[in-house]
Amino acid sequence: MKRRGFLMNSAVLLLLIPLLLLIATYEDASSMIIASQGEKVEIERTFRVTSYLEEDFKNTLSLSTKRAIALTVDYATAERPLDNSSRALEQLVMYGHYSYIGGTNSNWTAREKFFMKNNTIRDWLRNMKWELRKQGYIMKTSPDDIMRNMKLTIAPLDSFHIVVNASIPNIVIEDLSGKVVYNSSIPQNGSVYVVIPIEGIEDPLFPHLTKGRASRIISACKFAYPSITPPYIKMDGYGQSSIKTFSGQLYNVPRGGKIFYGDKYISGSNLLGYVMANQPSESPNAPYIFNTSLNGKRTSPLSVFSPGDIGVMTFDSVSGGGTGTQAHWCEKNMEFRTNMTLPSTAPLNSLVLLVLNPSNVPFGSAVHDGNAASIRIYKRSDTACEMAPYWIEYWGDDKILIWLNTTDTRDYTVYYSTSDQSMEWEGNIALFPVHNESVTLPAAEEWSELVSDIPWESFFVRYSLKAESNARDFDSGVEMSFNSSKCLLVVKSISTSIFSGVDTEDIQIPIYLSPDNISKLGAQWTTNRAAIEITDVYGNKVPFWIEYWDSDGALIWVKANLTNDESLLEEFFKMMYGFMPSFVQRWMEWMFGWLSDYYYNAFLICPSDGQPTRGDGNKVFEFFDDFSGNSLDTSKWNYKTAQGGSYSVSNGILSLQGDKDSKADVWIWTKKTFPSSYVIGMKAYLKNQPFFMWYIDSDGDAWIEHIKRTTGYLREFNINDGSLSNNKENGGSYTKNRWSRLELYIDAGDFYTYQTTGQFKGTWGSPVSEYLWYLSESDEPIGLGQIYKGPAKYDFIYVRKYLDISDMKQDSIFLPVQTKIEFIDDNPGNPDHDGDKLAILQNWTNNLDNYNGAWHLDTAQRYEVVVSKVSDGLDLTFTYNPNLDITHESHTLVDSNPNGYELYATIDNNPQKDNNSATFHWIVAAPYPYNTYTDSQLTITPSESLPSSGGGYSTARVYDIQPFIDCIQAQKYFGVPGAPSFFERLEGGDTTNRAYYERMAAKMQEAVYGAARYPIGLISFILPKDLPPNLNFLVRKQPAADYIYLDYRNYPSDDPNAKKVYGISTNGGVSSPLLDENFYLTPAIARKIFGVQGASDLLEG
């Protein structure tokens, strides 16, 4: 039985082993599957969270901007125009507050909160941090850090859209285990663009100009951009008429008093005119146009006109005359010509840039060498041959760039040859007010050569640059220098007779700035903090600590030496300017008599690019404590308490609390010791019976001034047992129970105390207490204590070297300090200057921006520098290959307000190591902004080889202007250049920021649309007949553009250039209906809507 049992157990075991292995394998596989599924779920959850961030960021930007727009429109219509619309929207979206709005009054503070509460980027970041926490994630980057580094621009995109461009440079998110699940920007590549339409929003300009008596909602005309799709139909043809131009209703059946249109002539009685697709076999009994074409193609008017529309017929010559005599030919060596007309908005007597696609213009086939081409541009004329001033910057297979001075016309004839290379010419570079055709710089380190002075506030520089080698360090480009009157030179001096024999090294010196100094300095500041930098005459940074800084003034403590070297300031000014400026010399003579009897030092206080700071008192004073943190710093202080006394530190304040008896209850004293003469300074709230200690000897005995009631008493005190002596002397009267500023002068056995409850400006009057002729002691601590009740409170305390600051003089002058900005490029693979490809540098050391490109410079490259004066300083853009399809740029903003510039060619490479010289083929500069026009914006006629004659009929045109009439009757808006954008309408129509808005819109359109082609201006029109009775005074001979017609203050009288419009306010003398006889346009405004030809045809006279 035992044997049998053994066999059975063995058999069972053999059967169980595979089963157990299967189970074990299954459990292991299941565990792996579950773990894998868990990881997959976690990955998917993390992906959903991180992908959600970008989408929610966009939604937040959209919602917040819409609310900010609503608030700004509300404010501009009800209160006053904005000062800067872009900045207002950006601040509201970021923080929900813009001081210009919210600071108006309490009502607008509340309105700001109503519109923006919980709808700002700051709110979104805080909510996101909370939501991520609920999902099991921790946002490690604080919302405040994100806000400081976030990039946000709100600008016009086009006339009817605003664009928000934003990015968060970096955000770190971890899961609860500490694993980083997201460490990137939002979005992960580039930045987000959120486009917001403005249609349906009230136009803020109407209530502003009419004092609330008129309003209008922004709504786009069907033909929103007249430069792209004009609000009319124009057909060309030939014809005859005894009247040059007239208007009437169009009908496709003959009716008396109407203009008939059709395929062929159908006779009728009393018709105003005929418009026909085919030439009539007999002459009609009214003006007529035949062989109609639309955009150069033969077209029947039946296919484009509608019955009842208002039409305008116009003829180039009347009474059956032909199209004119044969024109003359100005360039006999060029076989082709074409006519070219700039847009009506092109300014006269100005530089404009033509950016043309060679395949889209007839003269694109002219023979060329890349720079020069066989073309000549003349002012259009049938009698004269006057060449227009032009210069070819670039002529390639992809683009043609031609600069043109418009002088007194927008109409030109371009002659060209497709075969004669001998006629190649670049044009006249002298059309630029600053021009230089050749500059060569040998290799040198930080070397610059003057090109020209630049007198304009905003300007551009273009140049062509080539390096000798493509493999060596190069670093060349242009440099601009300017003087910025933002640095304050402060000279602190003291007579040598007063200061004789006292330590002159590492002295603590107070500098007081008046409110006017603070305003002129222009540094960013918050209470007791400022974004400043202080340097000595050698350019070394000086340690400082700001005691206070507000709108009423500032007091700054610096640590520096005093000197009696009379040449110090003279050398400083010569270093700055290369000579002693006369205004500085007169100032120095008047202030100091050349400082012959003074110890002194000079400090240059300048705004910095950093965040506001208070400085570091520990680096300034011999001893310093501002009681930061929540406990006493026992590395600096000893302390003792008795009879229930206590000390505490909270929110930067030291409190010493005594009990109710007359014994010392709490006292603290420094671990550091001091010489026989020094000054103790503090800001204190004296209450009940505080005391100050000095000369604490090795036995613990100290001198104290004990303030009882309001009087000070000199006594002895022992820090070991707290024993007090009787009064030795009575001092003066102190102010208690309010904050005050005190200093205790310990002068080799003489003791003086000072107090003020007003603004301490770094000087004293009479002392509060004087205790004289006591033994001098040295190398001993100081301290503070409380005898009765309290608490006495202390904001800060310091010890400085002995100097009677009341004997010091302070003189100051604002200096024009030179700043240099370099725009350089380099061959790849030679990095320095913290990145030198397409780099913008300040004084060769501070890299403001750069672009990591890969092009070499041994072939000539083109660049553009734009210096644009904006409200915040200088907006700088540095572009490689400007105006081509592939361009790159660097950009920065410099906080400065120069009143003139110098332009240099510059280079920085080692002549022994690199020896890479620079050749500038040309450098040009002119005022900015300039207008740029593409071939789609020009009117260019087909090429002709020989002038053609007219064939017996006048060229003629017929317009259907009903689309324009429908839009003005429906109070619709058009997008045009040169009119106030929505942002400018928020600003009351002011044009101060127009150049910035136009430049930003061009950049945004390139990013969003792929090319800049749309204007940002808005215009709608006023029909005087529709004005309410309370605005009847506006009826006058002014163009009906809303921003002019409603602006009675600036346009109160008739405009001599205003003209009536055919089909609306005049009919040319025929009998046909008018819409409003008081409707006028100037040629300039008409060209914005109708184009050059249309404006010429549709305006009367």
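Residue numbers (the working numbering): 90 to 1190.
Beta carbons are placed, not taken as given, at the ideal position from N, Cα and C, and that holds for glycine.
Everything numeric in this text was worked out from a predicted model, so none of it was measured.
- Taken atom to atom, the span from the alpha-carbon of Gly-789 to that of Ile-645 is near 35 Å.
- Nearest neighbour of Met-365 by Cα position, chosen from Lys-1061, Thr-381 and Tyr-891, turns out to be Thr-381.
- Counting along the chain, Gly-351 sits inside the beta strand (DSSP E) bounded by residues 348–351.
- Val-182 has its alpha-carbon roughly 7 Å from the corresponding atom of Ala-157.
- Straight-line measurement puts the Cα of Ser-960 at about 52 Å from the Cα of Thr-1044.
- Sequence-distant Cβ neighbours of Trp-614 in its own chain, meaning closer than 6 Å and more than five residues away, are Trp-638 and Pro-701.
- Contact fails between the segment 554–562 and the segment 853–861, because fewer than three Cβ pairs, one in each stretch, are under 8 Å apart.
- Taken in chain order, the whole beta strand (DSSP E) runs of length 3 or more contained in the segment 430–464 are 440–445.
- A residue is called buried once 16 or more other Cβ atoms fall within 10 Å of its Cβ, and Ala-1184 is buried on that count.
- Rounded to the nearest whole angstrom, the C-alpha separation of Thr-1028 and Tyr-350 is 27 Å.
- Taking a contact to require three or more Cβ pairs closer than 8 Å, the segment 464–472 and the segment 496–510 qualify as touching.
- For the pair Pro-1069 and Tyr-1132, the CB atoms are nearer than the 8 Å cut-off.
- With distances taken between CA atoms, Leu-1170 lies nearest to Phe-1110 out of Phe-1110, Tyr-952 and Asp-654.
- Secondary structure in the segment 232–292: the alpha helix (DSSP H) runs of 4 residues or longer, each lying completely within the stretch, are 232–238 in chain order.
- In the pairwise beta carbon analysis, the segment 934–953 is classified as not touching the segment 531–546: fewer than three pairs are separated by under 8 Å.
- Bounds of the beta strand (DSSP E) holding Thr-529 are 528–530.
- By a beta-carbon distance limit of 8 Å, Pro-232 does not contact Lys-223. Their separation comes to about 16 Å.
- In this structure the segment 830–838 touches the segment 860–867; the number of beta carbon pairs closer than 8 Å is three or more.
- In this structure Tyr-990 is buried. Its beta-carbon is surrounded by 16 or more other beta-carbon atoms within 10 angstroms.
- Val-252 is positioned such that its CB atom lies closer than 8 Å to that of Met-1093.
- Straight through space, the alpha carbons of Pro-1052 and Ser-406 are spaced by roughly 27 Å.
- Sequence-distant Cβ neighbours of Val-528 in its own chain, meaning closer than 6 Å and more than five residues away, are Ala-994 and Phe-1009.
- Bounds of the beta strand (DSSP E) holding Leu-490 are 489–494.
- Assignment of Leu-833 by DSSP, reduced to helix, strand and coil, places it in the strand class.
- Under the DSSP assignment, Val-182 falls outside any beta strand (DSSP E), being part of the alpha helix (DSSP H) whose first and last residues are 174–184.
- Between the alpha carbons of Pro-905 and Lys-581 lies a distance of about 20 Å.
- Sorting Ile-243, Lys-353 and Met-569 by C-alpha distance to the C-alpha of Glu-911 places Met-569 at the top.
- In the structure shown, Asp-145 falls within a helical segment according to DSSP collapsed to helix, strand and coil.
- When DSSP states are grouped into helix, strand and coil, Ser-308 belongs to the coil group.
- The alpha-carbon of Pro-1104 is positioned some 29 Å away from that of Phe-394.
- Excluding its 5 nearest sequence neighbours in each direction, Phe-1122 has C-beta neighbours in its own chain below 8 Å: Tyr-1137, listed in chain order.
- By the Cβ test, the segment 142–153 is in contact with the segment 205–219, since at least three Cβ pairs between them sit closer than 8 Å.
- Sorting Lys-323, Lys-772, Ile-913 and Lys-898 by C-alpha distance to the C-alpha of Gln-844 places Lys-772 at the top.
- In the DSSP assignment, Gln-338 forms a beta bridge with Ile-399.
- Taking a contact to require three or more Cβ pairs closer than 8 Å, the segment 594–604 and the segment 977–989 do not qualify as touching.
- For the pair Val-888 and Phe-780, the CB atoms are not nearer than the 8 Å cut-off.
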